[in-house]
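Just below is one structure, and these are the notes that go with it.
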């Protein structure tokens with residue numbers, strides 16, 4: 186348990202930050218799931234639209250420190266390749 190006032194404040198800040206990051210991660214995963222579902226259904230237009238909506242959300246996660254830059258780039262690249270391969 187934190188004893189000093191500084192450590193107590195840090196613990197409070199960590200809880201707030203954890204909640205914010207958790208919500209952000211959840212929002213990103215939702216966007217990625219929508220792209221996956223559109224790809225699975227075979228609808229190229231819906232998949233493209235979902236990918237366009239997911240890209241800024243994912244990159245925002247990078248700037249906010251939720252994801253690493255290369256991880257986000259890899260996810261976008263692989264999703265983009267899968268969308269392109271749809272008939």
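Numbering (the numbering used here), first residue to last: 186 to 272.
C-beta atoms are modelled at their ideal positions from N, C-alpha and C, and glycine is treated no differently.
Do residue j and residue i count as a contact pair if the criterion is CB distance below 7 Å?
i, j, result
"residue 271", "residue 236", "no"
"residue 220", "residue 239", "yes"
"residue 215", "residue 268", "no"
"residue 247", "residue 206", "no"
"residue 225", "residue 231", "no"
Go ahead and pull the three-state DSSP assignment for residue i.
i, result
"residue 249", "coil"
"residue 244", "helix"
"residue 189", "coil"
"residue 228", "coil"
In its own chain, which residues sit with a C-beta less than 7 Å from the C-beta of residue i, not counting the 5 before and 5 after it?
i, result
"residue 261", "240, 243"
"residue 191", "none"
At a cut-off of 6 Å, is residue i close to the ligand COA when judged by its beta-carbon and the heavy atoms of the ligand?
i, result
"residue 245", "Judged by which ligands are present, the structure shown has none, so any question about the ligand COA falls away."
Excluding sequence positions up to five away, which residues of its chain have a Cβ less than 6 Å from the Cβ of residue i?
i, result
"residue 187", "193, 196"
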